[in-house]
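In the numbering used here, the protein residues as written are 64 to 140.
We treat Cβ as the ideally placed atom computed from N, Cα and C, and that holds for glycine.
All figures in this text were calculated on a predicted structure; none of them were measured in a lab.
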C-alpha cells in the first residue's frame with residue numbers, strides 16, 4: 064500500500080473519531096437539557112395542581128358564603 068494512502072487513511076480515521084466524540088458530547092448535552100426540562104415540567108405541573116386545589120377551595124368558600132348569605136336573607140322575610 065502506498066504510504067501516502069496509509070497516512071490519508073489514518074487522518075480520515077482521526078477525523079471521524081473526533082467527529083464521533085463531538086456528536087456524542089452534543090447528545091450528552093441534549094440529554095442533560097432534556098432531564099432539566101422534565102424536572103421543570105414536573106415542578107410546573109405540581110404548581111398547577113396546587114393552584115387548582117386552592118382555586119377549588121376558594122370557589123367552594125365563595126359558594127358556601129353565598130349560600131349562607133342567601134339563607135340568611137330568606138329568614139328575614
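The three-state secondary structure of residue 105, taken from DSSP, is helix. Residue 125 has its alpha-carbon roughly 14 Å from the corresponding atom of residue 134. If you draw a straight line from the Cα of residue 70 to the Cα of residue 76, it comes to about 10 Å.
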